[in-house]
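Enquirer: Protein chains in written order, with the numbering used here: chain A, 1137 to 1323; chain B, 117 to 763.
One structure coming up, written as structure tokens, with questions to follow.
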Amino acid sequence: MIAASIILLGAFLFPIWHIDLRAPQYPEGLGLRIWVNQITGLKDGDLDLINNLNHYIGMKTIHPESIPELKIMPYIVIFFAIAGLLAAKFNKKWIKAVWLVTLLIILAIGLYDYYLWGYDYGHNLNPKAPIKVPGMSYQPPLIGSKQLLNMNALSVPGVGTIIILFTILLASGSIYIDTKKERPKNA
Amino acid sequence: MKNAKLVVGILTTFLVGIVLYNCSGSGESASAEDAAKRVYVKPGSYDEFYAFMSGGFNGQLSVYGLPSGRMLKNISVFSQNPETGYGYSEESKGMLMTSYGFIPWDDSHHPVLSKTNGEQDGKWIFINGNNTPRIARIDLRSFETVEIIEIPNSAGNHGSPFLTENTEYVVASTRFSVPIPNKDVPISTYKENFKGTVSFISVDKHKGDMKMAFQIVVPGLNYDLAHAGKGPSHGWVFFTSYNSEQANTLLEINASQNDKDFIAAVNWKKAEEYVKAGKAQKVKTEYYHNLYNENTQTTESQKMNDVLVLDPEKYPGMIYYIPTPKSPHGVDIDPSGKYIVAGGKLSSVIPVHSFEKMIKAIDGKLFDGNLGGIPILKYDEVLAGEVINPGLGPLHTEFDGKGYAYTSAFLSSEIVKWKLGTWEVVDRIPTYYSIGHLMIPGGDSKKPSGKYVVALNKITKDRYLPTGPELTQSAQLYDISGDKMQLLLDFPTIGEPHYAQAIPADLLAKNSKKIYPIEKNNHKHAVKSEKEARIERKGNEVHVYMSATRSHFKPDNIEGIKVGDKVYWHVTNLEQDWDIPHGFTVKGMNNSELLIMPGQTKTIVWNPTKAGIYPFYCTDFCSALHQEMQGYVRVSDAGSNVKLSFN
């Protein structure tokens, strides 16, 4: 449980989601990296570049500083790390379970929220955009790839998400061990 | 050079019989299929070497890939280029300033790559301006000219810009001797009034900045080419000279009388000691030093007013003359640094001097008199050997690092391969036609890459589809990895390449810049975002601070410009994307267009002379909506009261 809480902080060190864009004109690659607290480009300048390209289809520009989630998420992660450590200290199975379930709910909300942002960016387009394709929207897939005009968008979880998965696994393991320990007592 | 071609043509005609006789060992040609395979670089793949070929009378430096012979870039150096605005833009104009004013062209001959420990380090390439004596430095991260220094007390900077083993100095010598300081004298007083100089320009180890360190005044001969020693001969530079007759008219005949002319061996470490001891005289002169400031993206021109000059008559031990037959042109040092090879263009042998013997002759004072106080060494006491039957008109030699030397023979139009130490000719192969310089990648360094040699020819004739009287230039690529040289490829080159150098591509490609980071752009008139785009009037000067990004300019409608205004277009390309330059021009622009790389700011001045509406637009196809990347300027009569406005 202690390990689960500590590695959760590792989610700060790696992006939690990758969106890679592939197009013939970009042999060198182009992409976004979504972190717990920021959005960056795969390379320096990629964010500005993607914003610039997106103006052709009328997509809103992505300003990481105006996305409130990026400000809240770090506190949530830190909160869960501390709460997890406390849960480990109390070493009560139910506390751990509550912690885990809350984490899962928050993650689900987070994922849904991320989907909503993607939906908004992909659908809420400037009607005066130079390129308008009837019926076309530009929402990047949550996971997987999708052809958006000349760009193939590939969206996959990053190392940050894998770390969170490990946190969940470790916490579940801890609860499982607790359950096992309880059983002989009951038996 | 055109006249030289004529003379050469006539000479060649007379010499045909001898040439045919000399060409008895004609070279091998690889089978077409085999040769094609060896020069074929498949689509999307890269060449093995970057080759830098001087532009000669076009004043530029062009970049080719080897072995394919594909041209990659023409770097603007001494000549204005209206394609990019080089030499027209406010930022780059200063690069072409000299003490004779703004000179928008030159004759560029010898590109030389920077070296560390006698090996190529891939930092910079230097090239000389022959006409108005100058040396330029090109940064090999941007492939752009970043510095030009004028050489004072010189006329015809031909023997330049050769480098010492660790790029401590880049050298220059004066092809034409002139009065120093220059003054109005009868030309017939040549022997009395005319002098030569050899110059040492120091190079900052990290930044590359050049500084005129010192000059040595030498007797009035024609100083031609140079190379620095390496290994044991590090600390010396060797300059060829002709016209030991000191003729001042019809040199063709009058400077070809003496059996031997001279190689000036200059001990620059000794000269350095004299300079440190305060023996150099500070002489008033005028020259320009033009340096590109990476931070402001602007060239700063500085006028310099004096130079340190050493007199070898007063301070001995700096220079010795090595007699060398006959009107020597090239002087080349083998990779071991032991041998000094001279290309006596009218000589029937290639003399090879020994550095070791030269030092012994100096120590033993084995002199044959002196010229202007400079001791003349005894030929036989310095000579290591002579290459017999080396072809007619030997000019230049490069080395393969495997014990062989390759000499270009202009009149017999061939490359002659011979062995260092035994001096025997082992192979020869024709070139098409009349080879000048030849080039092996790293062939002047301690570690040549002995895979190819390129012939840089002076005459093209029937090698390509004809294009009227003016033809492309002709180069040939030969494989020299085996015992026999093999012709692989003909490829056309532009300008008139004299010398060229090549370097393994992986040394440069990894450092090549893709963009200029906008956050590091501290140009005085840059805009970092569209929000900063604006117009300011100062009297009759109007400054337009404009941004360019796909696919619009900001501002794109401008009113309130008046006839007689001087309009400064400061255009910043806000893109940070690889290979997205924007162009800029206005109808009736009598200056040049601009080509602005991502993150760059360039300024062009426009003087509108008639009232009306003037469109401006992007000249580089940048995007699907490139045609829409345009705007209008309204120009009103001088007395009109249209207010300055924009959006």
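Think of the CB as a built atom: it goes at the ideal place given N, C-alpha and C, for glycine as much as any other residue.
Owing to the predicted nature of the structure, the values given are computational and were not obtained by experimental measurement.
1) With a cut-off of 9 Å, does the C-beta of Ile1267(A) fall near any C-beta of chain B?
2) When the Cβ atoms of the segment 191 to 199 of chain B are set against those of the segment 630 to 642 of chain B, are three or more pairs found closer than 8 Å?
3) Between the segment 1187 to 1212 of chain A and chain B, which residues of the former have a C-beta closer than 9 Å to a C-beta of the latter?
4) Give me, in chain order, the residues of the same chain whose beta-carbon lies closer than 6 Å to that of Tyr684(B); leave out the 5 immediate sequence neighbours on both sides.
5) Could you pull the DSSP bridge partners for Trp352(B) from this structure?
6) Kindly list the residues whose CB is nearer than 8 Å to the CB of Lys442(B), restricted to its own chain and excluding five residues on each side of it in sequence; keep chain order.
7) According to DSSP, what are the bridge partners of His698(B)?
8) Please compile the residues from chain B whose C-beta is within a distance smaller than 8 Å of the C-beta of Glu1318(A).
9) Count the other CB atoms within 10 Å of the CB of Ile264(B); is the residue buried (16 or more) or exposed (fewer)?
10) Below 8 Å on the Cβ atoms is my contact criterion, and I expect Leu1261(A) with Gly1194(A) to pass it. Report the Cβ-Cβ distance as a whole number of Å.
11) Name the chain A residues that come within less than 8 Å of Thr665(B), Cβ to Cβ?
12) Mind checking if Gly1254(A) is an interface residue toward chain B, Cβ cutoff 9 Å exclusive?
13) Closer than 8 Å by beta-carbon distance: list the chain B residues that pair up with Leu1185(A), in chain order.
14) Check this for me: beta carbons of Glu98(B) and Leu482(B), under 9 Å apart or not?
15) Under 8 Å between beta-carbons, which chain A residues line up against Asn741(B)? List them in chain order, please.
16) Please list the residues of the segment 1153 to 1186 of chain A that have a C-beta atom closer than 8 Å to any C-beta atom in chain B, keeping them in chain order.
17) Quick one: residues in its chain with C-beta nearer than 6 Å to the C-beta of Gly1254(A), no 5 flanking neighbours on either side, listed in chain order?
18) Can you tell me whether Ile1245(A) is helix, strand or coil according to DSSP?
19) Between Pro633(B) and chain A, is any beta-carbon pair separated by less than 9 Å?
20) Using the C-alpha atoms, what's the distance from Ile478(B) back to Asp340(B)?
21) Here's the rule: buried if 16 or more other CB atoms are within 10 angstroms of the residue's CB, otherwise exposed. What is Asp163(B)?
22) Less than 8 Å between the CB atoms is what I'm expecting for Lys678(B) and Ala754(B), so what's the real figure, rounded?
23) Can you find at least 3 beta carbon pairs, one from the segment 441 to 455 of chain B and one from the segment 238 to 247 of chain B, that sit closer than 8 Å?
24) Determine, using beta carbons only, whether Glu744(B) comes closer than 9 Å to chain A.
25) Run through the segment 210 to 249 of chain B for me and flag every whole beta strand (DSSP E) of 3 or more residues, listed as ranges in chain order.
26) Tell me, to the nearest whole angstrom, how far the beta carbon of Met713(B) is from that of Asn689(B); I am working on the premise that it is less than 8 Å.
27) Select from Phe762(B), Tyr285(B), Pro439(B), Ser161(B) the residue whose C-alpha is nearest the C-alpha of Pro675(B).
28) Is it the case that the segment 1206 to 1216 of chain A contacts the segment 1275 to 1291 of chain A, given that we only count it when at least three CB pairs across the two stretches are under 8 Å?
29) Whole angstroms are fine: how far does the CA of Leu1166(A) sit from the CA of Thr1238(A)?
30) Does DSSP put Val643(B) in a helix, in a strand, or in coil?
31) Do the segment 638 to 656 of chain B and the segment 260 to 274 of chain B touch if we need at least three Cβ pairs shorter than 8 Å?
32) Going by the beta-carbon positions, is the gap between Ser289(B) and Ser224(B) smaller than 9 Å?
33) Express the C-alpha separation of Lys1264(A) and Leu587(B) in angstroms, rounding to a whole number.
34) Could you give the uninterrupted runs of the beta strand (DSSP E) lying entirely in the segment 552 to 583 of chain B, keeping only those of 3 residues or more?
Expert: Let me lay it out:
1) Output row for Ile1267(A): interface = yes.
2) Three or more beta-carbon pairs separated by less than 8 Å are not found between the segment 191 to 199 of chain B and the segment 630 to 642 of chain B, which leaves the two stretches without contact.
3) Taking 9 Å as the Cβ-Cβ cut-off against chain B, the residues of the segment 1187 to 1212 of chain A that qualify are Asn1188, Leu1189, His1191, Tyr1192.
4) Once the five neighbours on either side are set aside, the close Cβ partners of Tyr684(B) are His659, Thr719, Val721.
5) DSSP links Trp352(B) through a beta bridge to Asn383(B).
6) Cβ contact annotation for Lys442(B) (same chain, cutoff 8 Å, sequence separation greater than five): Ser372, Asn374, Asp375, Lys376, Asp377, Gly460, Lys461, Leu462, Ser463, in chain order.
7) Per DSSP, Ile712(B).
8) Simply none; closest approach about 59 Å.
9) Classification for Ile264(B): buried.
10) Yes, they are in contact, since the Cβ atoms of Leu1261(A) and Gly1194(A) sit about 4 Å apart, within 8 Å.
11) Neighbours of Thr665(B) in chain A, taken as residues whose beta carbon is under 8 Å from its own, are Asn1188 in chain order.
12) Output row for Gly1254(A): interface = no.
13) By Cβ distance, chain B contributes Glu691, Gln692, Asp693.
14) In the structure as shown, chain B starts at 117 and stops at 763, and residue 98(B) therefore has no counterpart that could be examined.
15) Note that residue 741(B) corresponds to Leu in the displayed sequence, not to Asn. Residues of chain A passing the Cβ test: Tyr1192, Pro1266.
16) Going along the segment 1153 to 1186 of chain A in chain order, one finds Glu1164, Asp1180, Gly1181, Asp1184, Leu1185 with a Cβ nearer than 8 Å to chain B.
17) Cβ-Cβ distances below 6 Å link Gly1254(A) to Gln1275, Pro1276 in the same chain, with the five nearest sequence neighbours on each side left out; the list follows chain order.
18) It is helical.
19) Pro633(B) counts as touching chain A.
20) Distance between the alpha carbons of Asp340(B) and Ile478(B) is about 23 Å.
21) Buried.
22) That pair is a contact at about 5 Å.
23) Note that the segment 441 to 455 of chain B does not touch the segment 238 to 247 of chain B; fewer than 3 beta-carbon pairs, one per stretch, sit closer than 8 Å.
24) The C-beta of Glu744(B) comes closer than 9 Å to at least one C-beta of chain A.
25) If one requires a minimum length of 3 residues, the beta strand (DSSP E) runs lying completely within the segment 210 to 249 of chain B are 224 to 232, 235 to 245, in chain order.
26) In this structure Met713(B) touches Asn689(B) by the C-beta definition: roughly 6 Å separates them, less than 8 Å.
27) With the sequence shown as reference, residue 675(B) is identified as Glu, and Pro is not the correct amino acid for it. For Glu675(B), the closest alpha carbon among the candidates Phe762(B), Tyr285(B), Pro439(B), Ser161(B) is that of Phe762(B).
28) Verdict: no, contact absent.
29) Going from the Cα of Thr1238(A) to the Cα of Leu1166(A) covers about 35 Å.
30) Reduced to three states, the DSSP call for Val643(B) is coil.
31) Not touching, per the Cβ criterion.
32) No, the Cβ-Cβ distance between Ser289(B) and Ser224(B) is not below 9 Å.
33) When rounded, the distance between both Cα atoms is 53 Å.
34) Unbroken beta strand (DSSP E) stretches of 3 residues or longer found wholly inside the segment 552 to 583 of chain B: 568 to 573, given in chain order.
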